[in-house]
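For the sequence shown, our numbering assigns the number 579 to the initial residue and increments by one for each residue that follows. For glycine and all other residues, C-beta sits at the position ideal for the given N, C-alpha and C.
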Amino acid sequence: MGGMMSEKQEALVKESWEVMKHNIPHLSLRFFTLILEIAPAVKNMFSFLRDTDEIPQNNPKLKAHAVKGFKMVVKEALLRTVKEATGEKWSEEMNGAWAEAYDQLATAIKNEMHAEAASAINSS
């Protein structure tokens, strides 16, 4: 993947987002829960999860933490969350659209982090 999203991919992401945006708190928790199911080792990154074998669906600290998992784990969790949220509207084409959107976002974030790091090095 890579490059620009097609108009069709952009439309699919927007259409599914319209379904999902009304349930962000639940979907955010579901997204994080899927990350822990896909990659249980990620649990060790969070002190409040280290001593339990359970995935605490209702843990308030879980809701407050940002995901620090691996790119592929996060991508898989995102795609599964969108698939669950959109139900019958889900298709392989929609999967491709969200995968492309994620890849572009991850690349943009990575580029921005590199730019900030370079700027910090140059200003010191």
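For residue i, name the three-state secondary structure that DSSP assigns.
i    : result
A617 : coil
M582 : coil
S701 : coil
G647 : For G647, the pLDDT reaches just 43, beneath the cut-off of 50, and the residue's location in the model is therefore unreliable, although a value from the coordinates is still provided. Coil, per DSSP.
A642 : Unreliable positioning characterises A642 in this predicted model, as indicated by a pLDDT of 49, which lies under 50. A coordinate reading is not provided.
Could you please give the first and the last residue of the uninterrupted alpha helix (DSSP H) stretch that includes residue i?
i    : result
W668 : Segment: none, W668 is in no alpha helix (DSSP H) and carries neither H nor E.
M598 : E585 to M598
Pull up the CB-CB distance for residue i and residue j, whole angstroms please, since I reckon it's below 8 angstroms.
i    : j    : result
V597 : K667 : 7 angstroms
A679 : K653 : Wrong, their Cβ atoms sit about 10 angstroms apart, outside the cutoff.
L656 : F609 : 7 angstroms
I699 : V651 : Not quite, the Cβ-Cβ distance comes to about 29 angstroms (not below 8 angstroms), so this is no contact.
S594 : M672 : 6 angstroms
Just to check, is the beta-carbon of residue i closer than 8 angstroms to a non-hydrogen atom of the ligand GDP?
i    : result
G665 : The ligand GDP is absent from the structure shown, which contains no ligand whatsoever.
### Task
Could you say if the stretch 599-608 and the stretch 682-702 meet the contact criterion of at least three C-beta pairs nearer than 8 angstroms?
No, they do not touch.
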